[in-house]
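Engineer: Shown below is the structure under consideration.
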Amino acid sequence: MKPLSPLLPGSTSATGQQITLGVMGGGQLGRMFVQAAQALGYFTAVLDPDPASPAGLLSHYHIQTPYDDQDGLAQLMQRCDAITTEFENVPAGALFTLGAHRPVAPSSACVAIAQDRVKEKAHFVQSAPTSGVQPAPYATIDTAELLAAAPADLLPGILKTARMGYDGKGQVRVKDRAELAAAWERLGRVPCVLEKLMPLRAECSVIVARGADGQCVSYPVQKNTHRDGILALTEVYEGAIEATLARRAQAATEAIAHQMNYVGVLCVEYFLVDDGRGGLDLVVNEMAPRPHNSGHYTQNACDVSQFESQVRALAGLPLRSPVQHSPAIMVNLLGDLWFAPNGVRAQASEQPVSPPWAEVLALPGTHLHLYGKLGARAGRKMGHLNITGPSVTAVRETAARVLALLGLPGLDA
Ligand code: ATP
Ligand code: MG
Numbered sequence: 036m037k038p039l040s041p042l043l044p045g046s047t048s049a050t051g052q053q054i055t056l057g058v059m060g061g062g063q064l065g066r067m068f069v070q071a072a073q074a075l076g077y078f079t080a081v082l083d084p085d086p087a088s089p090a091g092l093l094s095h096y097h098i099q100t101p102y103d104d105q106d107g108l109a110q111l112m113q114r115c116d117a118i119t120t121e122f123e124n125v126p127a128g129a130l131f132t133l134g135a136h137r138p139v140a141p142s143s144a145c146v147a148i149a150q151d152r153v154k155e156k157a158h159f160v161q162s163a164p165t166s167g168v169q170p171a172p173y174a175t176i177d178t179a180e181l182l183a184a185a186p187a188d189l190l191p192g193i194l195k196t197a198r199m200g201y202d203g204k205g206q207v208r209v210k211d212r213a214e215l216a217a218a219w220e221r222l223g224r225v226p227c228v229l230e231k232l233m234p235l236r237a238e239c240s241v242i243v244a245r246g247a248d249g250q251c252v253s254y255p256v257q258k259n260t261h262r263d264g265i266l267a268l269t270e271v272y273e274g275a276i277e278a279t280l281a282r283r284a285q286a287a288t289e290a291i292a293h294q295m296n297y298v299g300v301l302c303v304e305y306f307l308v309d310d311g312r313g314g315l316d317l318v319v320n321e322m323a324p325r326p327h328n329s330g331h332y333t334q335n336a337c338d339v340s341q342f343e344s345q346v347r348a349l350a351g352l353p354l355r356s357p358v359q360h361s362p363a364i365m366v367n368l369l370g371d372l373w374f375a376p377n378g379v380r381a382q383a384s385e386q387p388v389s390p391p392w393a394e395v396l397a398l399p400g401t402h403l404h405l406y407g408k409l410g411a412r413a414g415r416k417m418g419h420l421n422i423t424g425p426s427v428t429a430v431r432e433t434a435a436r437v438l439a440l441l442g443l444p445g446l447d448a
């Protein structure tokens, strides 16, 4: 169900209740959705079982039940005029239930595609005639017969679980058939896809926002650097990604969204690989049916952030084509930093220590976003830092100083 007319900010519904936007999941993405919704004057509700969830701590209402709890879902529907999700692993059945009674964007059907790599790749293949991009060569592995029949030219490859993978979890790199068989065993013989290992030259992603009326707007293309399977850095400025490829990636992302009649914010990740003719080609990797870590720079470098676009799409407000007003670099802040101030790794038993924020924030164009998570742990996403400035040179210089202060590896040349 879609709103017939926009849910206007700061207004009241027929029952006299303040217009309230809901989100399934209370992590950092839910928190930034809540912040954007509240900035526009909406009330918010979060469903997340964790009493200390980053979004629950800020929201007007926090329903603390499991995602498939019928009573929790009923409370969310009763509170909310429209509902979105902050992660793809929310049970699609729960969104389906909500969608029968309230506008839900993205729909349970779109989330079901994005949460299963087998369906996701099939969607990419089906979209290829209009998107112009293909996924890496792959095969589905969900039986011993399909394991034995896996094409030899997919090796060396990466075996990925079809469901529940994130930040490089649920993936094993395999060189040969023996390693492939052992990896499938290790992953518990669950449905997987085996993907050919691609010679990546770079990675990028594109965020689009699409309304219920089919209007679609694209954000600038993000160049991403991953470390240990987790996003480390995003750079967005002229020249980060070659302009023709960037335009192709934006058009492909819009086509992928249109093909499933998507409503909301969608991020699609791409690999850049050698095209064999001295240039680069795009290969589509995966998608997220929500704002994405690589889009956090939009908070400080664009006139409308990915979270505001998520709010607009959900509420049926006009989507505005985003304008990037500053070159940007986003640095992810993982919990490891709290145990290695200035890059000096403390003893394992030592208490976490705040990174040198005063020095970082003294630098021009630094914007700190911490998620209010209680307890730093290695690999845990604690926050991010956006760096903006008057020129690419200025932003890169500040980023180099920030990375040095935090003891992180420097930017590539
Ligand atoms: P996310 O946190 O983005 O959801 P994920 O765990 O779902 O990550 P992928 O995006 O599939 O996993 O892979 C994580 C990273 O591993 C990619 O960004 C890329 O660096 C590398 N990778 C994945 N698939 C391939 C491939 N077929 N060839 C080469 N590198 C790959
Ligand atoms: Mg990924």
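Each residue of the sequence shown is one higher than the last, beginning at 36 in our numbering.
Virtual Cβ for every residue (Gly too), placed ideally from N, Cα, C.
Short check: CB of C227 to CB of K258, under 8 Å?
Structural biologist: Not in contact: C227 and K258 (Cβ atoms no closer than 8 Å).
Engineer: Pull up the distance between the alpha-carbon of A218 and that of L232, whole angstroms please.
Structural biologist: Between A218 and L232, the C-alpha separation is close to 15 Å.
Engineer: Go through the region 136–175 residue by residue and report every complete run of the alpha helix (DSSP H) that reaches 4 residues or more, in order.
Structural biologist: As far as the region 136–175 is concerned, its whole alpha helix (DSSP H) runs of at least 4 residues are 143–149, 152–166.
Engineer: Cβ of K210 versus every heavy atom of the ligand ATP: is any distance shorter than 7 Å?
Structural biologist: Every heavy atom of the ligand ATP is 7 Å or more from the Cβ of K210, so no.
Engineer: Can you find a CB in chain B that lies within less than 8 Å of the CB of H402?
Structural biologist: As a matter of chain content, chain B is missing from the structure shown, which is built from one protein chain.
Engineer: State yes or no: is the C-beta of Q150 nearer than 7 Å to some heavy atom of the ligand ATP?
Structural biologist: Result no, Cβ not under 7 Å from the ligand ATP.
Engineer: Does the distance from the C-beta atom of D83 to that of G61 stay below 8 Å?
Structural biologist: Going by C-beta atoms, D83 is nearer than 8 Å to G61.
Engineer: Using CA coordinates, which residue listed in L43, R66, G45 is at the minimum distance from G407?
Structural biologist: The option with the nearest alpha carbon to G407 is R66.
Engineer: Would you call M36 buried or exposed, if buried means 16 or more other Cβ atoms sit within 10 Å of its Cβ?
Structural biologist: Residue placement at M36 cannot be trusted, given a pLDDT of 49 that sits under 50; what the coordinates show is reported in the next sentence. With fewer than 16 Cβ atoms within 10 Å of its Cβ, M36 is classed as exposed.
Engineer: Can at least three beta-carbon pairs, one atom from the region 392–404 and one from the region 319–327, be found at a separation below 8 Å?
Structural biologist: Segments in contact, no.
Engineer: Just list the residues that DSSP pairs I422 with in beta bridges.
Structural biologist: Note: I422 sits in a beta bridge opposite I364, T401.
Engineer: Can you determine whether any heavy atom of the ligand ATP sits closer than 7 Å to the C-beta of G264, and answer yes or no?
Structural biologist: Yes, the Cβ of G264 comes within 7 Å of a heavy atom of the ligand ATP.
Engineer: Is the closest heavy atom of the ligand ATP to the C-beta of A237 under 7 Å?
Structural biologist: Not under cutoff, so the answer is no.
Engineer: Compare the C-alpha of G313 against each of D447, G424, R236 and name the closest.
Structural biologist: Taking only the C-alpha atoms, the option nearest G313 is R236.
Engineer: On a Cα-Cα basis, can you pick out the residue from Q250, P255, V430, I176 that is closest to R224?
Structural biologist: Nearest option by C-alpha distance: I176.
Engineer: Between the beta-carbon of V271 and the beta-carbon of Q359, is there less than 8 Å?
Structural biologist: Their beta carbons are under 8 Å apart, which means V271 touches Q359 by this criterion.
Engineer: Just to confirm, is the Cβ distance from E343 to E321 under 8 Å?
Structural biologist: Result no, Cβ atoms of E343 and E321 do not sit closer than 8 Å.
Engineer: Could you say which of P126, R137, E123 lies nearest to L349 if we only look at CA atoms?
Structural biologist: For L349, the nearest C-alpha among the options comes from R137.
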